[in-house]
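A.B. asks: Take a look at this one; I'll ask things after.
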Amino acid sequence: MAARYFNVPVVFAKKTQSVNLDGEMYTAEVESFTHKNKNQVIVSKKFLDENDKVLIIDDFLANGCALQGLISIINNANATVAGIGIAIEKGFQPGGQIIRNLGYKLESLAIVDGMDHVTGKIIFRD
Ligand SMILES: O=P(O)(O)OC[C@H]1O[C@H](OP(=O)(O)OP(=O)(O)O)[C@H](O)[C@@H]1O
Numbered sequence: 032m033a034a035r036y037f038n039v040p041v042v043f044a045k046k047t048q049s050v051n052l053d054g055e056m057y058t059a060e061v062e063s064f065t066h067k068n069k070n071q072v073i074v075s076k077k078f079l080d081e082n083d084k085v086l087i088i089d090d091f092l093a094n095g096c097a098l099q100g101l102i103s104i105i106n107n108a109n110a111t112v113a114g115i116g117i118a119i120e121k122g123f124q125p126g127g128q129i130i131r132n133l134g135y136k137l138e139s140l141a142i143v144d145g146m147d148h149v150t151g152k153i154i155f156r157d
């Protein structure tokens, strides 16, 4: 949707090797907060170069490891991080602050500051 809005191409970062990844690749090791494992995040070199200005889009932000991996891939390509868009940021984990402190423009559709597993109540940041 974001790419359609800006009328720009989409580049997917993949977590597993697949048939549509060939040639040289940028990789970054990313620790998954959810799965408690480490993944190689992979982007084909042919889709990223120094002329690209990249808007990173992800669904969740927790500790910021996924974003740091994606940022390192973009830096390795000598491309530019134009900004970062997140659907749900877990405000009770440090990722958002870490990434903002690094100077990146980061916007989240919603920031969740807390969840009560008994009542099911979700506390959103204003
Ligand atoms: O800020 P972080 O601590 O890195 O967490 C955010 C990452 O966690 C989720 O991926 P997950 O590892 O759960 O993999 P999946 O979405 O492919 O299941 C999500 O899609 C982000 O990429």
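With the numbering used here applied, the sequence shown closes on residue 157, and no number is skipped along the way. The C-beta atom is built at its ideal place from N, Cα and C for all residues, glycine as well. Quick caveat: nothing in here was measured; it's all calculated off a predicted structure.
Given residue 62, which residues of its chain have a CB within under 7 Å of its CB, disregarding the five upstream and five downstream residues?
C.D. replies: Within the same chain, residue 62 has close Cβ partners 69, 96.
A.B. asks: Can you determine whether any heavy atom of ligand 1 sits closer than 8 Å to the C-beta of residue 93, and answer yes or no?
C.D. replies: The answer is yes for residue 93.
A.B. asks: Write down the C-beta distance between residue 86 and residue 33 rounded to the nearest angstrom, noting that I regard them as a contact closer than 8 Å.
C.D. replies: About 6 Å separates the two Cβ atoms, so the contact holds.
A.B. asks: Are the Cβ atoms of residue 93 and residue 121 separated by less than 9 Å?
C.D. replies: In contact: residue 93 and residue 121 (Cβ atoms closer than 9 Å).
A.B. asks: In angstroms with no decimal places, state the Cα-to-Cα distance between residue 110 and residue 150.
C.D. replies: Answer to the nearest angstrom: the Cα atoms are 45 Å apart.
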